[in-house]
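Residue numbers (this note's numbering): 56 to 866. Note that beta-carbon positions come from the ideal geometry of N, C-alpha and C, so glycine has one too.
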């Protein structure tokens, strides 16, 4: 019933008439039976009504800031009981009013009544108290934890945005200085009282009623029950009389069930320290950047001082901390003040120990206090991050800030490492390079050749011409150029893919068709290619559409798995082994993989020794987007697929960085780490593939064994015969309209005009003026920098006779 919580009225005069024997009812305390008045002495323990001679009055009040100033004052309690009903007689100033003690404020009446009320009624307010184990089990951290495949901690993630709590800290893991500072500041007689400090309460009542100063008397136990029981939480205007009554009863009950050590431990883990920081672990890390076990006396004093006013001004906290420090043996107040001010003037910041996978952690759903196991390998993740950081530091002078690495298990699809950025080099560390769309450069070529081989449009030995090419588009002519801005002539498809030649790739796209290639890429999981094929056009062969590292790495994994695409997973309970979608034939995937692992095929561009070499068999491809904004290296072994992107999250160009110098060294280091102790071996040739010795006529490439789909093999590759033609200009085409790319520096936008036929001693003219000698290439070609407007490019003999001319317009 509500009335049962109302305070009872007692005969206050009877309290002082009680004999020394006290109440006479035995009290149980643990296994010991105490006799009220003799052992516990509730009536005369603090000399409330004792003879005046039995009490000692303090002759002087110590100065503020000294150790004694924090001890409770002693008063002549016997004199209190001898006061007449008229009160103290000394007038009390309160603002502009003069109050007569005993008439207006009546301290004697209220003091005795309140003490009688507490002493007799508080034992009746015994609410059921939770056990220590229940309170500890109910403590939920504001953090969640991402674990690796073996249960090792990878990442701490804040989930609760209202309060900052860290895991519970045991008393044995707390600094002794913190415990000493807490008791000195909040409850000096903590180890001797049974939940309520009656002496402190008498002093608090006197101070509040007589001196009109605010002073509390709550013990640590009383504060703890207020933290445990929501109905006892302190409101902004303080606790009501009913709350105070129940708080006292709950504190006395808690002391019977909990040990002193448990009370201290629970209090420090539940108390609010400053702002959103709740609990000693969050406060220690947020303010001092350390575990609570490492707190020194100055830091402990600051934290203890905060308990009285968590949001007090730094100067006030520093002053309180000096007093606490003085009591526990730290006398250098200047040092304590310096520690307090340096910790409190800045916003609290918790720097957690384990921050290895921040970007992956964002992709999982977490609840406060939850631990989630992922497929990542903590050791590999740490290695990948360290390798990425070290290499990006080396590239810093080339205007490179960001990079990302993804490692997949081929069989399961599990993510073994996910590094979205390098926080030490990046100004955009929050951007996840694994999932951010970027231009892939030449890394799409393996899928182009694979689809063309599958449709039997060409073989690995088919000749492709690497020569100037101009294609009409709705916005002008598309003129692909090789990375080295030269042409190799006739090459095989194997060499064209291995050496990453651009013009042969575009010629292959003409065979396959843009629409068919676009559809094939979408089947391979490159969902970021959200526009239709007409939007990308011929540039799709050279990476003219944005994809993510996650999509691209898994597409390469499909080649490693014989042309079957399965999803990527990062939680152990996800099953990605079953099913899957075939995106390319197993035989075609095998031939493409063999080309990507052939160092002779890529030697034309990259040389025989490069960062693409590993300790075991690996298929690998690099890519660089236009203006060097992105570079890539992706490759796979029989067990793993690794993808690396290097660039700038802002999209700004790098300086003289390609896939071979930017991403490839990182890929090589990670792949060698994965193969350590078990170098990868070449896969077995699947059914539907045959090997045949071929020779080229004329011998554009040495005789070799080549792989073919069954039914497409040839022993001899005969090159197309060229007719004897008159001398002419080869270039974009007469009447071509050329569009400048705003993303490429103007000085690097050039068009090649070459001489076809047998011509000697010819002179290039631009708009009927001799071309700048700096524009002439070693083979006699003209590398003309684009200039807006209509232009005439012509050839003439040394004696001034016109040979050929071509008109172009630059927009």
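If you draw a straight line from the C-alpha of residue 649 to the C-alpha of residue 674, how long is it?
On the chain shown, residue 649 is found 594 positions in, with the first residue counted as 1. On the chain shown, residue 674 is found 619 positions in, with the first residue counted as 1. Approximately 7 Å between the Cα atoms of the pair.
Between the Cα of residue 623 and the Cα atoms of 614, 608, 615, 617, which residue gives the shortest distance?
Here residue 623 refers to the residue found at position 568 of the chain shown. Ranking 614, 608, 615, 617 by Cα distance to residue 623 puts 608 first.
For residue 738, which residues does DSSP report across the bridge?
Taking the chain shown and counting its residues from 1, the one referred to as residue 738 is at position 683. DSSP output for residue 738 lists no bridge partner at all.
Can you list, in chain order, the residues of its chain whose CB lies under 8 Å from that of residue 476, leaving out five sequence neighbours each side?
Locating residue 476 in the chain shown gives position 421, where the first residue counts as 1. Within the same chain, residue 476 has close Cβ partners 414, 457, 458, 459, 483, 484, 485, 486, 487, 488, 704.
From residue 665 to residue 715, what does the alpha carbon distance come to, in whole angstroms?
If you number the chain shown from 1, residue 665 lands on position 610. If you number the chain shown from 1, residue 715 lands on position 660. Residue 665 and residue 715: Cα-Cα distance of roughly 8 Å.
Quick one: what's got a C-beta closer than 6 Å to residue 435's C-beta in the same chain, skipping five residues either side?
The sequence position of residue 435 within the chain shown is 380, counting from 1. Same-chain partners within the cutoff: 471, 472.
Which residue wins for smallest C-alpha separation from residue 205, given the options 626, 257, 535?
Within the chain shown, the letter at position 150 stands for residue 205. Among 626, 257, 535, the Cα nearest to that of residue 205 belongs to 626.
Residue range of the unbroken beta strand (DSSP E) whose run includes residue 473
Taking the first residue of the chain shown as position 1, residue 473 is located at position 418. Run containing residue 473: 470 to 474, per the beta strand (DSSP E) assignment.
Assign residue 324 to one of two classes, buried (16 or more other C-beta atoms within 10 Å of its C-beta) or exposed (fewer than that).
One-based indexing of the chain shown puts residue 324 at position 269. Buried is the call here.
Compute the distance between the beta-carbons of residue 240 and residue 362, then report whether it is under 8 Å.
Residue mapping note: residue 240 aligns to position 185 of the chain shown, counting from 1. Residue mapping note: residue 362 aligns to position 307 of the chain shown, counting from 1. Closer than 8 Å, so yes.
In DSSP terms, what residue 840 is bridged to
Within the chain shown, residue 840 is the residue found at index 785, counting from 1. In DSSP, residue 840 forms a bridge with 805.
Could you compute how far the alpha carbon of residue 393 sits from the alpha carbon of residue 220?
To locate residue 393, count along the chain shown from 1; it is residue 338. To locate residue 220, count along the chain shown from 1; it is residue 165. Those two C-alpha atoms are separated by around 26 Å.
When you compare the CB positions of residue 519 and residue 571, do they come within less than 8 Å of one another, or not?
In the chain shown, the residue the question calls residue 519 occupies position 464. In the chain shown, the residue the question calls residue 571 occupies position 516. No.
Excluding five sequence neighbours on each side, which residues of the same chain lie with their C-beta closer than 6 Å to the C-beta of residue 245?
Within the chain shown, numbered from 1, the residue matching residue 245 stands at position 190. 238, 275.
With 16 as the cutoff for other CB atoms within 10 Å, does residue 40 come out buried or exposed?
This structure gives no information on residue 40, because the portion of the chain shown stretches from 56 to 866.
Relative to the C-alpha of residue 187, which residue among 203, 316, 430 is closest?
By 1-based counting over the chain shown, the position of residue 187 is 132. Nearest of 203, 316, 430 to residue 187, Cα basis: 316.
Quick check on the burial criterion: 16 or more other C-beta atoms within 10 angstroms. Buried or exposed for residue 763?
Within the chain shown, numbered from 1, the residue matching residue 763 stands at position 708. Under this definition residue 763 is a buried residue.
Cβ of residue 603 within 8 Å of Cβ of residue 583?
Mapped onto the chain shown, residue 603 falls at position 548. Mapped onto the chain shown, residue 583 falls at position 528. Result yes, Cβ atoms of residue 603 and residue 583 sit closer than 8 Å.
Taking one C-beta from the region 349 to 362 and one from the region 375 to 385 each time, how about it: are there three or more such pairs within less than 8 Å?
yes
Evaluate contact between the region 492 to 504 and the region 717 to 733, counting only Cβ atoms and requiring at least three cross-stretch pairs below 8 Å.
no
Can you round the beta-carbon distance between residue 718 and residue 749 to whole angstroms, since I take them to be within the 8 Å contact cut?
Here residue 718 corresponds to residue number 663 of the chain shown, with the count starting at 1. Here residue 749 corresponds to residue number 694 of the chain shown, with the count starting at 1. Not quite, the Cβ-Cβ distance comes to about 33 Å (not below 8 Å), so this is no contact.
My output table needs one value for residue 441: the three-state DSSP class, helix, strand or coil.
For the purposes of this step, residue 441 is taken as residue 386 along the chain shown, with counting starting at 1. In the structure shown, residue 441 sits in a helix (DSSP, three-state: H, G or I).
Thinking residue 498 and residue 689 are a contact (beta carbons under 8 Å), I'd like their distance in whole angstroms, please.
Within the chain shown, residue 498 is the residue found at index 443, counting from 1. Within the chain shown, residue 689 is the residue found at index 634, counting from 1. Sure, about 6 Å apart at Cβ, within 8 Å.
Beta-carbon within less than 8 Å of residue 850's beta-carbon, same chain only, minus the 5 sequence neighbours each way: which residues are those?
By 1-based counting over the chain shown, the position of residue 850 is 795. 782, 784, 810, 814, 817, 818, 819, 820, 857, 858, 859, 860.
Could you name the residues that DSSP lists as bridge partners for residue 386?
What you label residue 386 is simply residue 331 of the chain shown in a count that begins at 1. None; residue 386 has no bridge partner.
Measuring only between beta-carbons, confirm whether residue 518 sits less than 8 Å from chain B.
Considering every chain present, this structure includes no chain B. It has just one protein chain.
Sheet register partners of residue 223 (DSSP bridge)
The count along the chain shown starts at 1 and reaches residue 223 at position 168. Per DSSP, none; premise fails for residue 223.
Is residue 820 near the ligand HEM, judged by its Cβ being under 7 Å from some heavy atom?
Although the ligand HEM was asked about, the structure shown includes no ligands whatsoever.
Excluding the five sequence neighbours on either side, which residues of its own chain have a C-beta within less than 6 Å of the C-beta of residue 832, listed in chain order?
On the chain shown, position 777 is the one that residue 832 refers to. Correct list, in chain order: 838.
Please determine if the region 547 to 555 and the region 500 to 517 are in contact, where contact requires at least 3 C-beta pairs separated by less than 8 Å.
yes
Where residue 847 falls, given that 16 or more other Cβ within 10 Å makes a residue buried:
Numbered from its first residue, the chain shown carries residue 847 at position 792. It counts as exposed.
Give the list of continuous alpha helix (DSSP H) stretches no shorter than 4 residues that lie fully inside the region 258 to 345.
275 to 283, 296 to 312, 315 to 325, 335 to 343
Is the Cβ-Cβ distance between residue 525 and residue 532 less than 8 Å?
One-based indexing of the chain shown puts residue 525 at position 470. One-based indexing of the chain shown puts residue 532 at position 477. Cβ distance < 8 Å, so residue 525 and residue 532 count as in contact.
Would you say residue 233 and residue 369 are within 8 Å of each other, going by their C-beta atoms?
Counting from one through the chain shown, the residue named residue 233 turns up at place 178. Counting from one through the chain shown, the residue named residue 369 turns up at place 314. Result no, Cβ atoms of residue 233 and residue 369 do not sit closer than 8 Å.
Give the secondary structure of residue 49 by DSSP, where H, G and I count as helix, E and B as strand, and everything else as coil.
In the structure displayed, the chain extends from 56 to 866; residue 49 sits before or after that span and is not available.
Just to confirm, is the Cβ distance from residue 752 to residue 773 under 8 Å?
Numbered from 1 along the chain shown, position 697 holds the residue referred to as residue 752. Numbered from 1 along the chain shown, position 718 holds the residue referred to as residue 773. Taking 8 Å as the Cβ cut-off, residue 752 and residue 773 qualify as a contacting pair.
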